[in-house]
Structures are given as structure tokens and as C-alpha cells.
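Undergrad:
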Amino acid sequence: MHASDTAVLDEHAKRVASADAVLPPLTHPGSGSAPPLRVRDGLAFASRSKVAPGSMGSLWRPLVEYRLDVRIAGPDPASALDGLLCQWEDQLAEAVTYDEGYDWDTAAVVIRPSRDTTGTTTLLRRGFAPNRVLAVRLANRLGSGPPAVPGVRIRAAEESDLPTLVRMRSELHAYDAQFGVVTPRADAVERLTEDARAQLAEGRTVPPLWIAELYGRPLGFLEVELPPQSDWISGYVAADRVGYLSSLHVAEEARSSGVGSALAAHAHQLFDSEDVDAVLLHHALESPRSTPFWYANGYRPLWTSWYRRPAVS
């Protein structure tokens, strides 16, 4: 690590911490990682990740993602970001190949703290769009429990609910696929069925899947992860116990009936009962349903993922 790198890392960390106190202390890849990209007042770490076709992961992202983790400082951090992106573009032009048929299944991704808006124009000019948000809701244990919603009953999902869960999860997947990160797959129903069946059979103390009935009809579902299942996401927020709200969906005929709000309140009660300090969830920023709903229920942006898909245009 160059001596100048430490100054960049420290200044970047201070600026980001002042913008958002809920962010965790920022780290950088260890000595085994590829050499970083460097410009004056800027440092970036490039990486590549891949998921297999036919996997659950392939439903929620492109098969191949090229990521850039940036640290920018100095009097003009936006210019530092532009210089790092320019170097990365040269790397991508050589690294990205479409001989495996990936094309739309590749993406260039830059994940930034949502409140650190420095360089937003730079990303837009290079063809990136803010597609996915990791939102946070801090614990609020002063409430007396979720309010009752007339006609709505929430219960743990059972094996007999499998067809209902698959139908609603498939509806949610198809809807979110409009916004550019969640990806339509020919085997989506099969993967979602396998996953729901496995979760129903786990026998956790707190069930991960819940059904909302409206006057006896199952018209909504909720999926949650509690520690330790949610530990994979805990490093993105400064909190000791972190929960993850995986999915929430309400059937079209039940919208504006209070089912969604009842499911969200039920989730928060579950997290509070397990002493969770912060709840995280992903949502599509462009979704006209998700964005207003989650922020009306106490969430706010923590990390924003900027996507360009395909990775090289």
C-alpha cells in the first residue's frame, strides 16, 4: 500500500462517515487482491463475480458482474472518480467477452453509499443508472405492536401453501425484472419452487415464510431472515444484530387494502422480538411501488448500486 493510499482511504472514510453515521467502518481488500487502480486523490479495487446458470442467484442478478469499489478524496473527488472509471473502462474492454453468450448477462457495477452523492453526474455520463438500493430501518421497540387491519390475518406458511407461495413469488420476480437487475429465467418457477419447499421444511423457531389472508383468501406473503441466517448482509451497516427482509408481495386484487402494511408491521414485530438492531432490504429504485412503500414504512437508502448492463456498451 502506497503512503498516499492511506491518506485517500482516511479522507474518504471521514467524508462518508459524516454523510451517514449508520455506515460501517470502510475497509479495503487485503494483500491477496489485485493491485488497485490509482489516480491523484483516488483509489479503486476491481473485482469480478459470477453465478451459475440455473442457480437461485441467477434470478436476482446478471450471471457475470464486474464491480468497482472506489475511494475518492481531495478538493475534487468527482474528478478522481472519473479518472478511476476511465482506467476501469480500459480494463473492461479487454476483460469482457461475450463468447459464452452473456451479453445482457454481464454488468458493470459501482456500489456507493447512498448519501455520498459525489460523482453522480460522472456515473450518469458513463452510462450507469442507480438501479438497486440497500435500504435500512433502525429498530424502534417503543411501539405496542402492529395495528389490526380489518379482514387481514397473518400466519406462518405451511406445506399446503407451496402453490400459493410459488405463484406470488413468481409474480414478484416478473414484476421486478422490468427494472434491470432481477433477470427473467426460463427455469425461474422451478428454482422458486425448490427454494420455497426447502424453507418450509427447515423448521426454524421463527418461520421464514408468512402468508397474509384477506377475508380468508391468501393474497400476500412475507419472507424474512434473522441472525444467523442474515449474517451475510450484516457487514453493510453499523449494527450488532442485523435482519434481512427478503421479500414482500401483495396480489394485485388486494392492493390498497392494508395487506402490505400489515405484512411490514408483522415483519418489524418479528425483528424486534429477536432483538434485531437494524433491518436491511433490497429494492428496485425505479419501482413505483417499492420505493414509496418502503420509505413510508421507516426505511431509507443506505447503499445504491449503479448498474450498466451490458458491462461494455
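Residue numbers for the sequence shown, in this note's numbering: 203 to 515. The C-beta atom is built at its ideal place from N, Cα and C for all residues, glycine as well.
1. Apart from the five residues just before and just after Glu361, which ones in its own chain have a Cβ nearer than 7 Å to its Cβ?
2. Let's see if you can read the secondary structure: which residues bound the beta strand (DSSP E) around Val391?
3. Identify, in the order they occur along the chain, each residue of the same chain with its Cβ nearer than 8 Å to the Cβ of Val241, setting aside the five sequence neighbours on each side.
4. Go ahead and pull the three-state DSSP assignment for Asp222.
5. Quick one: give me the first and last residue of the alpha helix (DSSP H) that Ala467 is part of.
6. Give me the Cβ distance between Phe473 and His451, rounded to the nearest whole Å; I'm assuming they're in contact under 8 Å.
7. DSSP three-state label for Trp434, please.
8. Short check: CB of Gly460 to CB of Val351, under 8 Å?
9. Alpha carbon to alpha carbon, how far is Leu421 from Ala453? Give it in angstroms, no decimals.
10. Measure the C-alpha to C-alpha separation of Pro512 and Trp306 and round it to an integer number of angstroms.
11. Can you have a look at Gly321 and say buried or exposed, based on whether 16 or more other CB atoms are within 10 angstroms of its CB?
12. Considering Cα atoms alone, identify which of Ser432, Pro237, Trp412 and Pro429 is closest to Ala467.
13. Going by the CB atoms, is the gap between Val338 and Leu150 shorter than 8 Å?
14. If contact is defined by three or more beta carbon pairs under 8 Å, each pair taking one atom from either stretch, is the segment 311-321 in contact with the segment 353-370?
15. Could you work out which residue in Leu447, Asp397 and Arg327 is closest to Gly256 when comparing CA atoms only?
16. Under a three-way DSSP split, which group does Arg369 fall into?
17. Can you say whether Leu447 is buried or exposed, counting buried as having 16 or more other CB atoms within 10 angstroms of its CB?
18. If I'm right that Leu325 touches Val312 with Cβ under 8 Å, what's the distance once you round it to whole angstroms?
19. Are the Cβ atoms of Val478 and Gly437 separated by less than 8 Å?
20. Please tell me whether Leu245 and Val298 are closer than 8 Å, where the distance is taken between their beta carbons.
21. Would you say the beta carbon of Glu373 is closer than 7 Å to some non-hydrogen atom of the ligand ADP?
22. Taking the beta strand (DSSP E) that Pro503 falls in, what are its first and last residues?
23. Who are the Cβ neighbours of Ala456 in its own chain at under 7 Å, not counting the five residues just before and after it?
24. Within 10 angstroms of the Cβ of Gly303, are there 16 or more other Cβ atoms? Answer buried if so, exposed if not.
25. Can you have a look at Trp496 and say buried or exposed, based on whether 16 or more other CB atoms are within 10 angstroms of its CB?
26. Classify Pro409: buried if its beta carbon has 16 or more other beta carbons within 10 angstroms, exposed otherwise.
27. Can you look up Ala215 in the DSSP assignment and give me helix, strand or coil?
28. Select from Val272, Ala221, Tyr268 and Glu291 the residue whose C-alpha is nearest the C-alpha of Thr308.
TA: In short:
1. Residue mapping note: residue 361 aligns to position 159 of the sequence shown, counting from 1. Leu402, listed in sequence order.
2. As a position in the sequence shown, residue 391 is number 189, starting the count at 1. Segment Ala390 to Leu402 is the alpha helix (DSSP H) holding Val391; no beta strand (DSSP E) there.
3. Residue mapping note: residue 241 aligns to position 39 of the sequence shown, counting from 1. For Val241, where only same-chain residues beyond five positions count, the Cβ hits under 8 Å are Ala282, Gly285, Leu286 and Gln289.
4. Within the sequence shown, residue 222 is the residue found at index 20, counting from 1. Note: Asp222 maps to coil in three-state DSSP.
5. Here residue 467 is taken as the residue at index 265 of the sequence shown, counted from 1. Element bounds for Ala467: Val461 to Ser475.
6. Here residue 473 refers to the residue found at position 271 of the sequence shown. Here residue 451 refers to the residue found at position 249 of the sequence shown. The Cβ separation is near 18 Å, so there is no contact.
7. One-based indexing of the sequence shown puts residue 434 at position 232. Trp434: helix per DSSP, three-state reduction.
8. Here the question's residue 460 lines up with position 258 in the sequence shown. Here the question's residue 351 lines up with position 149 in the sequence shown. Going by C-beta atoms, Gly460 is nearer than 8 Å to Val351.
9. Indexing the sequence shown from 1 puts residue 453 at position 251. Indexing the sequence shown from 1 puts residue 421 at position 219. Rounded to whole angstroms, the gap between the alpha carbons of Ala453 and Leu421 is 5 Å.
10. What you label residue 512 is simply residue 310 of the sequence shown in a count that begins at 1. What you label residue 306 is simply residue 104 of the sequence shown in a count that begins at 1. C-alpha separation (whole angstroms): 5 Å.
11. Translated into positions along the sequence shown, residue 321 becomes position 119. With 16 or more other Cβ atoms within 10 Å, it is buried.
12. If you number the sequence shown from 1, residue 467 lands on position 265. Closest by alpha carbon: Trp412.
13. Any answer about residue 150 is impossible in this case: the structure gives the chain only from 203 up to 515.
14. no
15. Taking the sequence shown and counting its residues from 1, the one referred to as residue 256 is at position 54. With distances taken between Cα atoms, Gly256 lies closest to Asp397.
16. Numbered from 1 along the sequence shown, position 167 holds the residue referred to as residue 369. Helix.
17. Taking the first residue of the sequence shown as position 1, residue 447 is located at position 245. Counting Cβ neighbours within 10 Å, Leu447 comes out buried, since at least 16 surround it.
18. Translated into the one-based positions of the sequence shown, residue 325 becomes position 123. Translated into the one-based positions of the sequence shown, residue 312 becomes position 110. Right, the Cβ-Cβ distance comes to about 6 Å (below 8 Å), so this counts as a contact.
19. Taking the sequence shown and counting its residues from 1, one reaches residue 478 at position 276. Taking the sequence shown and counting its residues from 1, one reaches residue 437 at position 235. No, the pair does not count as a contact, with Cβ atoms beyond the cut-off.
20. For the purposes of this step, residue 245 is identified with residue 43 of the sequence shown, where counting begins at 1. For the purposes of this step, residue 298 is identified with residue 96 of the sequence shown, where counting begins at 1. Cβ atoms of Leu245 and Val298: not closer than 8 Å.
21. Looking at this structure, you won't find the ligand ADP or any other ligand, since it has none at all.
22. Here residue 503 refers to the residue found at position 301 of the sequence shown. That run of the beta strand (DSSP E) goes Arg502 to Arg510.
23. For the purposes of this step, residue 456 is taken as residue 254 along the sequence shown, with counting starting at 1. Around Ala456: Leu416, Leu421 and Gly422.
24. What you label residue 303 is simply residue 101 of the sequence shown in a count that begins at 1. A caution first: Gly303 carries a pLDDT of 47, below 50, which makes its placement in the model too unreliable to give a value.
25. Here residue 496 is taken as the residue at index 294 of the sequence shown, counted from 1. Per the 10 Å Cβ criterion, buried.
26. Indexing the sequence shown from 1 puts residue 409 at position 207. Answer is buried; the Cβ neighbour count reaches 16.
27. Counting from one through the sequence shown, the residue named residue 215 turns up at place 13. It is helical.
28. Sequence index remark: in the sequence shown, residue 308 carries index 106 (1-based). Out of Val272, Ala221, Tyr268 and Glu291, Tyr268 has the C-alpha closest to the C-alpha of Thr308.
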